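Note that the sequence shown covers residues 28 to 838 in this note's numbering.
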Amino acid sequence: MAASMIGNQILTQVQSLNSIKPLYQRCLELEKVLKNTSTKELKNVLPYLLENIFGYGQNPGWGLDLINRSSNSQDFDNIRRLLAPEGTLLSLVYTLMTDSFYEFPINSLPTPTQHLIEDGSLPIFYANKLQYLNFGRPVIVLNAYELYMFHLAYHLVNPSVQRHNSTWNNITDSLYPVLIDDYLNFFLPLNKDSLPKMPIVQALVRSPVAHSPMAGKSFNMPTSPPSPQRPSLLKSSFVSAQKQHAQTAAVISQGETTETYRSDTLIQVFAEFWLNQNPISIDRQSFSHTASPPYVLRLQRGPYQYWFENFMPSTNHVRLVRLLVKHVHNFVNTAKPEVVSSPYQSQITSTLDEFKKSLIPYVIQKKLYTFLRHGFDRWPLDCSFRLLLETWLTYIQPWRYIYSKSQTGCRDSDVGDNKTVEEKWFPFVEDNLLFYTVLYQEFTQRVFRMDLTTQFNACMLYRANKVYSLPNLSNMVFRAEREMCNAIRLGRPGSHDLGGSYISPEASLSLHSQISELEKPGFQYCRMYSEEMIQMMKAILGHIEVAKQTLVAYEESINRTRKSGLAAIFDVSSWFQDDQSMGDMSPSEVKKVQSYLDTAASNICYIFEIETHSFPSKQMSSPNQFEQSSFLESSLLSNTIPDCEETEEGFTLTPHGRYQLKNKMRKFDVVYQGDPDLQPIRSFENATLVRLLHQFCNFVNTQYGQDIQNLCDRTDLIGRMAQVYFAPPLPLDSKLNSPISSTQKRALQRPRLSLRLLASYRTLVYLGLFYLILTLWWGVGLVGFCFFVIGLVLLYGFLFAMIHRSKVKMN
Numbered sequence: 028m029a030a031s032m033i034g035n036q037i038l039t040q041v042q043s044l045n046s047i048k049p050l051y052q053r054c055l056e057l058e059k060v061l062k063n064t065s066t067k068e069l070k071n072v073l074p075y076l077l078e079n080i081f082g083y084g085q086n087p088g089w090g091l092d093l094i095n096r097s098s099n100s101q102d103f104d105n106i107r108r109l110l111a112p113e114g115t116l117l118s119l120v121y122t123l124m125t126d127s128f129y130e131f132p133i134n135s136l137p138t139p140t141q142h143l144i145e146d147g148s149l150p151i152f153y154a155n156k157l158q159y160l161n162f163g164r165p166v167i168v169l170n171a172y173e174l175y176m177f178h179l180a181y182h183l184v185n186p187s188v189q190r191h192n193s194t195w196n197n198i199t200d201s202l203y204p205v206l207i208d209d210y211l212n213f214f215l216p217l218n219k220d221s222l223p224k225m226p227i228v229q230a231l232v233r234s235p236v237a238h239s240p241m242a243g244k245s246f247n248m249p250t251s252p253p254s255p256q257r258p259s260l261l262k263s264s265f266v267s268a269q270k271q272h273a274q275t276a277a278v279i280s281q282g283e284t285t286e287t288y289r290s291d292t293l294i295q296v297f298a299e300f301w302l303n304q305n306p307i308s309i310d311r312q313s314f315s316h317t318a319s320p321p322y323v324l325r326l327q328r329g330p331y332q333y334w335f336e337n338f339m340p341s342t343n344h345v346r347l348v349r350l351l352v353k354h355v356h357n358f359v360n361t362a363k364p365e366v367v368s369s370p371y372q373s374q375i376t377s378t379l380d381e382f383k384k385s386l387i388p389y390v391i392q393k394k395l396y397t398f399l400r401h402g403f404d405r406w407p408l409d410c411s412f413r414l415l416l417e418t419w420l421t422y423i424q425p426w427r428y429i430y431s432k433s434q435t436g437c438r439d440s441d442v443g444d445n446k447t448v449e450e451k452w453f454p455f456v457e458d459n460l461l462f463y464t465v466l467y468q469e470f471t472q473r474v475f476r477m478d479l480t481t482q483f484n485a486c487m488l489y490r491a492n493k494v495y496s497l498p499n500l501s502n503m504v505f506r507a508e509r510e511m512c513n514a515i516r517l518g519r520p521g522s523h524d525l526g527g528s529y530i531s532p533e534a535s536l537s538l539h540s541q542i543s544e545l546e547k548p549g550f551q552y553c554r555m556y557s558e559e560m561i562q563m564m565k566a567i568l569g570h571i572e573v574a575k576q577t578l579v580a581y582e583e584s585i586n587r588t589r590k591s592g593l594a595a596i597f598d599v600s601s602w603f604q605d606d607q608s609m610g611d612m613s614p615s616e617v618k619k620v621q622s623y624l625d626t627a628a629s630n631i632c633y634i635f636e637i638e639t640h641s642f643p644s645k646q647m648s649s650p651n652q653f654e655q656s657s658f659l660e661s662s663l664l665s666n667t668i669p670d671c672e673e674t675e676e677g678f679t680l681t682p683h684g685r686y687q688l689k690n691k692m693r694k695f696d697v698v699y700q701g702d703p704d705l706q707p708i709r710s711f712e713n714a715t716l717v718r719l720l721h722q723f724c725n726f727v728n729t730q731y732g733q734d735i736q737n738l739c740d741r742t743d744l745i746g747r748m749a750q751v752y753f754a755p756p757l758p759l760d761s762k763l764n765s766p767i768s769s770t771q772k773r774a775l776q777r778p779r780l781s782l783r784l785l786a787s788y789r790t791l792v793y794l795g796l797f798y799l800i801l802t803l804w805w806g807v808g809l810v811g812f813c814f815f816v817i818g819l820v821l822l823y824g825f826l827f828a829m830i831h832r833s834k835v836k837m838n
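The following block contains the structure:
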């Protein structure tokens, strides 16, 4: 894009710096060039320089997202100094702002913006940036500062950079998020009464509207239809302010001051590139839930036909969005409150305070809502959703981000987490009602598809409901919903309620003009405290109860396998296995998950005023009623495993059960209770010996099964000794808990030879120690050792048979 614009010696000199491999040396040489070259000569070099640093197209740039402080501190420090808000490069940018303008290609803008421009519906942010060149080709013309910020923000969503698929374990150690934090701290200061002054500005810094033949073209500005006097989800003052802003934005930009320009542009550009990648007007049901990303939707709009790509942000992307939200809250909350001393005297609000008050409703709110709404719909069902959840919780808790001198540098303080939400935050709750109601309902829908026995999922459920259980918050949400829908009688359980869980289509039409700013056309608002919503939360409580019972079953199964007393001391198998583990979780982690679930259930009951005994708890079947049932059958009754049916081959999955298993809606408990010889090989067993001994025993049982049965049926001493050496048969009326065929079940109901004990490392260690003792003390060889062991085995069988006979005589 920029190579055709420049061809002078400075460009050649700058291009030669790319051959310098260590980045810190390249930074030092580039600083020398920028300091020793005139601004006029550097004017045409700037586009190439920004493309080379931040990347563009197939060029990933310097890889700012891959540079870490811990691994390469020299590159980290030198690039950070070069790109600092008051560094050498931005000093050049400030100087070029007054008289230098550059093109930025439209195909690098977010997809929704591209299609709006192609349709002639010009976004307000680009009102004085769009030009039409020859043959009506639209381009974006920016000044130097805007070009720099466009490249800075585009770096995060650049496809060539996203191919790195890197993840920042610590954003304070990675260069790109540290740079973003530096810019936000500089342009959105907390401890200053004013923004940093622009170095030299002699003219308007907005890029001018081109005077081309098509510059006077009338664009279809997106305006809201006139609103009738009907109930609103957004208060009327806020909606009217939005419309007034939309209509007068172009006029305001012409007379703006430079005090807030850089800060406003920074936030506008970040919101445009990071939060505006997916249009909310697309019907979400058009996407396939089973397809692999990226999803593509064909959409017909007038004469154009588009292919919309479902852009899924990376985890790094979400981290920076949350960082942006934190900074915005901190900055906005430093605005001076209005003091009305007299009804006849109006207070003059400074430009900076006006900017702070308009930043969230005019710049952040709509695009952030679209970003979160899309993420809640499309994010994978894994623990990485925690990042998106925390971003949402960060936005709806502005009271956590209040700057004070005692908390300098502390932006994510937990101070006041359990304190009552003050009444002064009610206007924010009212202006952002859909964030508190619609997104909470979207999260609730995800909970049904989450495995609450895992620590991350249980923690997410706990975190969301902990916020809503803050004193006075749920009450403010209820009041805001009631006041904005005052034409419909709302009420909590026990009060009179007219209408169902969804607002009727007639009422939805009257509310369309108010909620169209945030939602797609045809959206129907579901009341937060409706009866159907409460029934849904009761179902969530039942889901929590099932998860708690599963965790209790895990604990009990582990406790049954543990040994105590002398048996635990002499249990050599503990040397080769971790008996403290419970699947992927330790017992302490299981306790933590149970604590998360208990607290989440209590918070849900508090938020929706549900009595703990009023929801159906899926308790396990009582032992008296199902004492003869298998564990699998009782699980089927309690709806904890996929749907199965009993056949001649045992329990098999139904088609619906396979669907439940594939979508992780239900799962089997990992507990083996079938043929002991066929259970999975353990870590304290030798795999080769297990297989060899099983093959040998299987051969003996197959060839001499009837002889073994006849031998064990004898009532003399030989028969009783045989019962010691062969595995006892299963009772005829017993029910195996693992699915096996009827043939295998009949084989287990006969005595059989089982030598798997010899494959245990504990047994091998005992035999090895016994052999060493015999060899060192009495000089017994290998053959003698074998005969000695066989003699001990026969002696053990004889003694056991004699004891068994004496007990029979006593009876």
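From the three backbone atoms N, C-alpha and C, an ideal C-beta is built for every residue, glycine too. In this text the structure is predicted, and so the values were computed from the model without any measurement.
Residue(s) in a DSSP beta bridge with residue i
{"i": "Thr679", "result": "Glu672"}
{"i": "Pro165", "result": "Tyr159"}
{"i": "Ala754", "result": "Arg779"}
{"i": "Glu130", "result": "Val168"}
{"i": "Glu616", "result": "In DSSP, Glu616 forms no bridge with anything."}
{"i": "Pro95", "result": "First, the amino acid is wrong: residue 95 is Asn here, not Pro. Answer is Ser201."}
{"i": "Asn86", "result": "Tyr83"}
{"i": "Glu558", "result": "The partner list for Glu558 (beta bridge, DSSP) is empty, contrary to what the question assumes."}
6 Å CB neighbourhood of residue i in its chain, flanking five on each side removed
{"i": "Ala828", "result": "Leu744, Arg747 and Met748"}
{"i": "Asp291", "result": "none"}
{"i": "Lys363", "result": "Asp380"}
{"i": "Tyr798", "result": "Phe812"}
{"i": "Glu712", "result": "Ala786 and Ser787"}
{"i": "Asn105", "result": "Tyr51 and Cys54"}
Assumed close pair residue i, residue j - CB separation to whole angstroms, cut-off 8 Å
{"i": "Glu299", "j": "Phe152", "result": "6 Å"}
{"i": "Cys739", "j": "Phe726", "result": "That pair is no contact at about 19 Å."}
C-alpha gap between residue i and residue j, whole angstroms
{"i": "Thr64", "j": "Val120", "result": "14 Å"}
{"i": "Glu583", "j": "Gln576", "result": "10 Å"}
{"i": "Glu544", "j": "Thr679", "result": "51 Å"}
{"i": "Lys446", "j": "Tyr396", "result": "26 Å"}
{"i": "Ala154", "j": "Asn170", "result": "14 Å"}
{"i": "Val465", "j": "Val188", "result": "33 Å"}
{"i": "Tyr633", "j": "Met563", "result": "15 Å"}
{"i": "Thr125", "j": "His178", "result": "19 Å"}
{"i": "Ile631", "j": "Arg490", "result": "12 Å"}
{"i": "Arg685", "j": "Pro548", "result": "37 Å"}
{"i": "Asn338", "j": "Tyr422", "result": "In the sequence on display, residue 338 carries Phe and not Asn. Distance between the alpha carbons of Phe338 and Tyr422 is about 22 Å."}
{"i": "Ser496", "j": "Leu488", "result": "12 Å"}
{"i": "Asp458", "j": "Asp102", "result": "45 Å"}
Residues near residue i in its chain [Cβ-Cβ closer than 8 Å; skip 5 each side]
{"i": "Tyr823", "result": "Val751"}
{"i": "Val355", "result": "Leu215, Ile294, Leu386, Ile387 and Ile391"}
{"i": "Arg346", "result": "Trp195, Ile198, Pro204 and Leu414"}
Cβ-based neighbour list, residue i, same chain, cut-off 7 Å, excluding 5 preceding and 5 following
{"i": "Ser649", "result": "Legend: pLDDT at Ser649 = 31, less than 50; position of this residue unreliable, value from coordinates given subsequently. There are no such residues."}
{"i": "Gln485", "result": "Per the sequence shown, the amino acid found at residue 485 is Ala instead of Gln. Cβ within range, chain order: Leu479, Val620, Tyr623 and Leu624."}
{"i": "Ala574", "result": "Leu479, Thr480 and Leu624"}
Nearest to residue i (by Cα), restricted to the options the options
{"i": "Ala774", "options": "Ile735, Gln482, Arg53 and Val390", "result": "Ile735"}
{"i": "Arg349", "options": "Tyr288, Pro425, Tyr389 and Thr481", "result": "Pro425"}
{"i": "Gln472", "options": "Phe711, His570 and Tyr389", "result": "His570"}
{"i": "Ser557", "options": "Phe635, Asn502 and Ala507", "result": "Phe635"}
{"i": "Leu117", "options": "Leu149, Leu174 and Glu68", "result": "Leu174"}
{"i": "Arg789", "options": "Gln482, Arg709 and Phe814", "result": "Arg709"}
{"i": "Met225", "options": "Asn192, Leu123 and Phe131", "result": "Leu123"}
{"i": "Asn79", "options": "Lys70, Leu69 and Gly90", "result": "Gly90"}
{"i": "Ile429", "options": "Asp404, Leu819 and Val359", "result": "Val359"}
{"i": "Pro778", "options": "Glu449, Val807 and Cys724", "result": "Cys724"}
{"i": "Thr39", "options": "Tyr51, Lys48, Leu55 and Val60", "result": "Val60"}
{"i": "Arg108", "options": "Ala627, Ser135, Tyr210 and Ile37", "result": "Tyr210"}
{"i": "Asn71", "options": "Gln36, Glu56 and Ser615", "result": "Gln36"}
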